[in-house]
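J.: Pasting a structure here, questions to come.
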Amino acid sequence: MLIIAGTGQGKTTLTARLVDYRKRNIVFGTKKADSTYQDFIDRGFKRVQSIDEISHFDKRVLLWPEYRTTIREFKLRQAHEFKRAFDWAAGLGSWTIWNDEELYMCRHLGLTDEVAWVLTQARSSGLTMINGSQRPAWIPLESYNGSTHAFLANSNEAADAKRLADLGAVNSKELIYNMQRLKRYEYVYVNTRTHAQPVIIKVDDERRSLRG
Ligand SMILES: Nc1ncnc2c1ncn2[C@@H]1O[C@H](COP(=O)(O)OP(=O)(O)OP(=O)(O)O)[C@@H](O)[C@H]1O
Ligand SMILES: [Mg+2]
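Quick note on this note's numbering: the sequence shown kicks off at 108 and runs consecutively.
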């Protein structure tokens, strides 16, 4: 699954609403501070600094290393801990990885290989990965052809729209036309495997449920 929306468009809020559909969830928290991570904690997620704190019984984990001294030290530790988590999940299978900041994970932490590997090998390894990105750039191409479900928010950038044409099974002109008319927090939902008509959805932040 792929979610593409600019900053503050509700990606993390949307992903928090979807975790009930999966049995074993590991969310990668990359921000220094983000109030929407509280949504996961409210849903029973245990915050950990590294995979060493995960027990056999845990089903909801928020891997969110805390900021300590410097940006460089923070990024080095994040790269180390998230890489270990990708390797751990690849070995185990059966988990759903919520990679809410795919662009940051790939471009800033240098974990494109891990992300692309899970995207191509996931099905046979019993893994599921949900990617969120602020732009459809700097993320591996496998994000498009390896995703069954895509949620796309408003975008006016021609280059971004061109990238989205890589999503199979949809008329890209019609998709872009509809995307450009979306309001805040609205998404076009596309199933890339079926020829079903894309639909517009919006997360109801107050009632905390999905409207069709
Ligand atoms: N459907 C919604 N209705 C009302 N408010 C919303 C909705 N979705 C998100 N918000 C609010 O908008 C703010 C940003 O949401 P969120 O953090 O989920 O965005 P994001 O796309 O993950 O941002 P970023 O790219 O910076 O991580 C939050 O304060 C959240 O409560
Ligand atoms: Mg977010």
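Each residue gets a CB set at the ideal place from its N, CA and C atoms; glycine is no exception.
Quick one: residues in its chain with C-beta nearer than 7 Å to the C-beta of P243, no 5 flanking neighbours on either side, listed in chain order?
T.: Result list for P243: I111, D267, R270, L271, in chain order.
J.: Check whether the Cβ of W205 lies closer than 9 Å to any Cβ atom in chain B.
T.: Checking the listed chains, one finds no chain B in this structure; it contains a single protein chain.
J.: N240 bridges to which residues according to DSSP?
T.: Reading off the sequence shown, one finds Ser at residue 240, where the question assumed Asn. Answer is I111.
J.: What is the DSSP secondary structure of E293, counted as helix, strand or coil?
T.: Strand at E293.
J.: For a minimum of 3 consecutive residues, which ranges assigned as the beta strand (DSSP E) are wholly contained in the segment 162-193?
T.: The segment 162-193 contains these whole beta strand (DSSP E) runs: 167-170.
J.: Scan the segment 195-240 and note each continuous alpha helix (DSSP H) run of 4 residues or more that stays entirely inside, going in chain order.
T.: List check, alpha helix (DSSP H) in window: 219-232.
J.: So the alpha helix (DSSP H) F147 belongs to, where does it begin and stop?
T.: Note, F147: alpha helix (DSSP H), 144-149.
J.: Between which two residues does the alpha helix (DSSP H) holding L125 run?
T.: That run of the alpha helix (DSSP H) goes 118-125.
J.: Within 10 angstroms of its Cβ, does T235 collect 16 or more other Cβ (buried), or is it exposed?
T.: By the 10 Å Cβ count, T235 comes out buried.
J.: Sorry if obvious, but does the Cβ on V310 come closer than 8 Å to a heavy atom of ligand 1?
T.: Answer for V310: yes, Cβ within range of ligand 1.
J.: Who does F258 pair with in a DSSP beta bridge?
T.: Paired residues: I110, Y296.
J.: Determine the burial state of N252: buried for a count of at least 16 other Cβ atoms within 10 Å of its Cβ, exposed for fewer.
T.: By the 10 Å Cβ count, N252 comes out exposed.
J.: Could you tell me the distance, in whole angstroms, from the CA atom of G113 to the CA atom of G217?
T.: Answer to the nearest angstrom: the Cα atoms are 21 Å apart.
J.: Using the three-state DSSP reduction, which class does D141 fall into: helix, strand or coil?
T.: Of the three classes helix, strand and coil, the one that applies to D141 here is coil, per DSSP.
J.: Buried or exposed for F258, please, with buried defined as at least 16 other CB atoms from any protein chain shown within 10 angstroms of its CB.
T.: Burial call: buried.
J.: Considering only the alpha carbon of each residue, which of S201, E293, A260, L121 lies closest to I371?
T.: Past the edges of the chain, shown from 108 to 319, lies residue 371, and the structure says nothing about it.
J.: Have a look at R300 and S250 and give me their C-alpha separation to the nearest angstrom.
T.: The straight-line gap from Cα to Cα measures roughly 14 Å.
J.: Taking the alpha carbon of T177 as the point to measure from, which residue in Y128, A229, Q116, K139 has its own alpha carbon closest?
T.: Closest option to T177, Cα to Cα, is K139.
J.: What is the chain-ordered set of residues for which the beta carbon lies under 5 Å from any non-hydrogen atom of ligand 2?
T.: Residues with a Cβ closer than 5 Å to any heavy atom of ligand 2, in chain order: K118, T119.
J.: Write down the C-beta distance between V134 and V155 rounded to the nearest angstrom, noting that I regard them as a contact closer than 8 Å.
T.: No, V134 and V155 are not in contact; Cβ-Cβ is about 10 Å, not under 8 Å.
J.: Can you tell me whether N278 is buried or exposed, with buried defined as 16 or more other CB within 10 angstroms of its CB?
T.: With fewer than 16 other Cβ atoms within 10 Å, it is exposed.
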